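Chemist: Pasting a structure here, questions to come.
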Ligand SMILES: NC(=O)c1ccc[n+]([C@@H]2O[C@H](COP(=O)([O-])OP(=O)(O)OC[C@H]3O[C@@H](n4cnc5c(N)ncnc54)[C@H](O)[C@@H]3O)[C@@H](O)[C@H]2O)c1
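Numbering (the working numbering), first residue to last: 674 to 1098.
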């Protein structure tokens, strides 16, 4: 089957109206991206460009997709996680003739089938969240590579792997690391993951955070966000880390720091946020108290080793949505949320629109940058690139304006003073 505009596979097209309302809600809270949409609606700088995207199908992603379309691009989309698609949003996009292959609760084989379908667009730009699309192009569709100008990557885990690929000379087209923009990493990962992870835990459990021992594995951007918000709700936050400076920051931020082998014995709620596998394994499950809640907010579902848990408790029981009870032979119960996948996207709605506004403004501007280079007959080398500092400041500046906030400007005298190496005490 060749690619044709508007081909899709979603759960239920009848959900389109519900999805449209959700998208309109997100649009009303994403003023930076909506300004970009308005700015490029008429000139259509992406006309002639074909974008294949693999990123959580949320209402905010739909705003991004529609902005690409308004700017002239042809788009084909899949979700980047089997449990993160909002079926109503996917239906709304499909009903608006956007090629989309995504539904909530797909299996891993279907997940890759969806990516394959999007590649029938023969994209010249790719957009990833976790690099699964880029890996599929590199491993299975090298014939597409000569026509691909470049790609963008949304998350920390994807950027780590793409940088490793570039280092080994295995990356065959340039990628812009949207994740590493200050207006992405320091906001989306911190405030977005911080709030939406608690949102996911609360929707799946409705537990009281106050007074609980909440163990956060990883005190990077996401972990710090989750830890700070859990502390705000009155939890006793414990952090586990492998990086001395991160552990030190957690300590000075007022968190208790200890190895997981110790935290496992006293935690009530566990959240992994490391981007690394096997953070919670069988020896930790053996130490945990009865009734603990375990979940993950890192990109892949390997941070909690559920195979190990299934060996101790082979028949988990769904006790409420996104919450499974594993009963161990000694009678202890461990509750795993969202099958160990991103709890904020599987059990809640992902990050609030207000924070995705900046992440997706970065995505839009980065795709536009790649397209503009192509128009000028230029091409970046096959490396991973940071977004320009000016782009960060521009996005933050517009965000402030849309929030009705004003800031001071450096005077020429202040700028001179900053750079005056003859000045002293
Ligand atoms: N849930 C979401 O919506 C969402 C949003 C953004 C990023 N992410 C994902 O979350 C993960 C973390 O992203 P980040 O931006 O916080 O990365 P980061 O690099 O800022 O932080 C990760 C931290 O984990 C620590 N760590 C690594 N291995 C560990 C281990 N075994 N035990 C304890 N700590 C360990 C690192 O030292 C580091 O401080 C990534 O997989 C990223 O892709 C998820």
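From the three backbone atoms N, C-alpha and C, an ideal C-beta is built for every residue, glycine too. In this text the structure is predicted, and so the values were computed from the model without any measurement.
Regarding residue 829 and ligand 1, is the C-beta to nearest heavy atom distance less than 6 Å?
Modeler: As a working note, residue 829 is residue 156 in the chain shown. Checking the Cβ of residue 829 against ligand 1 gives yes.
Chemist: What does a CB cutoff of less than 6 Å around residue 896 pick up in its chain, not counting 5 residues either side in sequence?
Modeler: For the purposes of this step, residue 896 is taken as the residue at position 223 of the chain shown. Around residue 896: 889, 946.
Chemist: Near residue 986, which residues of its chain fall below 8 Å by C-beta distance, leaving aside the five closest residues on each side in sequence?
Modeler: In the chain shown, the residue the question calls residue 986 occupies position 313. Closer than 8 Å at Cβ, skipping near neighbours: 999, 1000, 1001, 1002, 1007.
Chemist: Verify the contact flag: residue 949, CB atom, against every heavy atom of ligand 1, threshold strictly below 6 Å.
Modeler: In the chain shown, counting from the first residue as 1, residue 949 sits at position 276. Checking the Cβ of residue 949 against ligand 1 gives yes.
Chemist: What does the alpha-carbon distance come out to for the pair residue 726 and residue 719?
Modeler: Locating residue 726 in the chain shown gives position 53, where the first residue counts as 1. Locating residue 719 in the chain shown gives position 46, where the first residue counts as 1. Looking at the two C-alpha atoms, the distance is approximately 15 Å.
Chemist: For residue 710, tell me which candidate among 745, 982, 730 has the shortest Cα-Cα distance.
Modeler: For the purposes of this step, residue 710 is taken as residue 37 along the chain shown, with counting starting at 1. Among 745, 982, 730, the Cα nearest to that of residue 710 is on 745.
Chemist: Can you tell me whether DSSP reads residue 801 as helix, strand or coil?
Modeler: Mapped onto the chain shown, residue 801 falls at position 128. The answer is strand: DSSP assigns residue 801 an E or B state.
Chemist: Could you check whether the Cβ of residue 1026 sits closer than 7 Å to any Cβ belonging to chain B?
Modeler: Among the chains in the structure shown there is no chain B, since it carries only a single protein chain.
Chemist: Could you spell out where the beta strand (DSSP E) holding residue 843 opens and where it closes?
Modeler: For this step, residue 843 is matched to residue 170 along the chain shown. From DSSP, residue 843 is part of no beta strand (DSSP E); its letter is neither H nor E.
Chemist: Spatial neighbours of residue 943 within its chain, please: C-beta separation below 6 Å, excluding the five flanking residues on both sides.
Modeler: As a working mapping, residue 943 is identified with position 270 in the chain shown. Counting only Cβ-Cβ distances below 6 Å, and skipping sequence neighbours, we find 888, 967.
Chemist: Taking three-plus beta-carbon pairs below 8 Å as touching, is the stretch 827-840 in contact with the stretch 1079-1087?
Modeler: With a cut-off of 8 Å, the stretch 1079-1087 and the stretch 827-840 do not count as touching, because too few Cβ pairs lie within range.
Chemist: Could you give the C-beta distance for residue 794 and residue 770, rounded to a whole number, given that I count them as a contact under 8 Å?
Modeler: In the chain shown, the residue the question calls residue 794 occupies position 121. In the chain shown, the residue the question calls residue 770 occupies position 97. That pair is no contact at about 13 Å.
Chemist: If we require 4 or more residues per run, which alpha helix (DSSP H) segments fall completely within the stretch 744-777?
Modeler: With a minimum length of 4 residues, the continuous alpha helix (DSSP H) runs that stay inside the stretch 744-777 are 760-768.
Chemist: I want to check one thing, is the minimum distance from the CB of residue 857 to the heavy atoms of ligand 1 below 6 Å?
Modeler: As a working note, residue 857 is residue 184 in the chain shown. For ligand 1, not one heavy atom lies less than 6 Å from the Cβ of residue 857.
Chemist: What whole-angstrom Cβ distance do residue 776 and residue 732 have, given they're in contact under 8 Å?
Modeler: For the purposes of this step, residue 776 is taken as residue 103 along the chain shown, with counting starting at 1. For the purposes of this step, residue 732 is taken as residue 59 along the chain shown, with counting starting at 1. Actually they are not in contact, since the Cβ atoms of residue 776 and residue 732 sit about 16 Å apart, beyond 8 Å.
Chemist: Pairing CB atoms from the stretch 976-991 with CB atoms from the stretch 927-941, are three or more of them under 8 Å?
Modeler: No, the stretch 976-991 is not in contact with the stretch 927-941.
Chemist: What is the rounded straight-line gap between the Cα of residue 728 and the Cα of residue 737?
Modeler: Here the question's residue 728 lines up with position 55 in the chain shown. Here the question's residue 737 lines up with position 64 in the chain shown. Roughly 11 Å separates the two Cα atoms.
Chemist: May I ask you to check if the CB of residue 913 is nearer than 6 Å to at least one heavy atom of ligand 1?
Modeler: Here residue 913 refers to the residue found at position 240 of the chain shown. Residue 913 Cβ: within cutoff of ligand 1.
Chemist: Are three or more beta carbon pairs between the stretch 1040-1050 and the stretch 865-882 nearer than 8 Å?
Modeler: Verdict: no, contact absent.
Chemist: State the DSSP-derived secondary structure class of residue 1047, mapped to helix, strand or coil.
Modeler: Here residue 1047 corresponds to residue number 374 of the chain shown, with the count starting at 1. Correct three-state label for residue 1047: helix.
Chemist: Does the Cβ-Cβ distance between residue 705 and residue 864 come in under 7 Å?
Modeler: Counted from its first residue, the chain shown places residue 705 at position 32. Counted from its first residue, the chain shown places residue 864 at position 191. Not closer than 7 Å, so no.
Chemist: From the DSSP secondary-structure annotation, give me the bridge partner or partners of residue 969.
Modeler: What you label residue 969 is simply residue 296 of the chain shown in a count that begins at 1. Answer is 945, 1015.
Chemist: Does any heavy atom of ligand 1 sit closer than 6 Å to the C-beta of residue 814?
Modeler: Stepping through the chain shown from its first residue, residue 814 is reached at position 141. For ligand 1, not one heavy atom lies less than 6 Å from the Cβ of residue 814.
Chemist: Do residue 995 and residue 965 have their C-beta atoms within less than 7 Å of each other?
Modeler: Here residue 995 refers to the residue found at position 322 of the chain shown. Here residue 965 refers to the residue found at position 292 of the chain shown. Not in contact: residue 995 and residue 965 (Cβ atoms no closer than 7 Å).
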